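Going by this note's numbering, the sequence shown opens with residue 839, and the numbers climb by one from there.
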Amino acid sequence: MATVAVAQEFVSIIAEEIASGVDRAVECWMAQMEEALNDGHLTTPGRLAAVQAVMRQYKEITGKAELTPCRRFERA
């Protein structure tokens with residue numbers, strides 16, 4: 839029984855670390871896009887280009903040529 843409990847705890851710890859890493863990565867990319875959109879030194883086309891550069895970087899890092907569309911979040 840103790841071995842099962844230790845294994846379950848180990849899996850939980852690993853899952854939490856993975857989730858934390860994903861959260862940090864998403865927050866980083868969102869912050870980069872927010873920074874690009876709020877950069878007062880850029881023109882509107884410049885802001886768009888900066889966001890596109892973040893997207894291009896994400897695709898290069900992940901090896902994804904296309905992103906899977908997702909449902910939009912609806913606000914309550």
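Cβ atoms here follow ideal geometry from the backbone N, Cα and C, with glycine treated the same way.
Keep in mind it's a predicted model, so treat the numbers as computed, not measured.
Rounded straight-line distance, which links the Cα of residue j to that of residue i
{"i": "residue 868", "j": "residue 887", "result": "15 Å"}
{"i": "residue 894", "j": "residue 856", "result": "24 Å"}
{"i": "residue 853", "j": "residue 844", "result": "14 Å"}
{"i": "residue 873", "j": "residue 840", "result": "49 Å"}
{"i": "residue 877", "j": "residue 907", "result": "27 Å"}
{"i": "residue 909", "j": "residue 902", "result": "19 Å"}
{"i": "residue 880", "j": "residue 864", "result": "24 Å"}
The alpha helix (DSSP H) enclosing residue i, as first and last residue numbers
{"i": "residue 909", "result": "Counting along the chain, residue 909 falls outside any alpha helix (DSSP H), and DSSP gives it neither H nor E."}
{"i": "residue 841", "result": "840–876"}
{"i": "residue 903", "result": "Neither: residue 903 is in no alpha helix (DSSP H) and is coded neither H nor E."}
Beta-carbon proximity check, residue i vs residue j, cutoff 9 Å
{"i": "residue 924", "j": "residue 862", "result": "No answer is possible for residue 924: the residues shown for the chain start at 839 and end at 914."}
{"i": "residue 889", "j": "residue 871", "result": "yes"}
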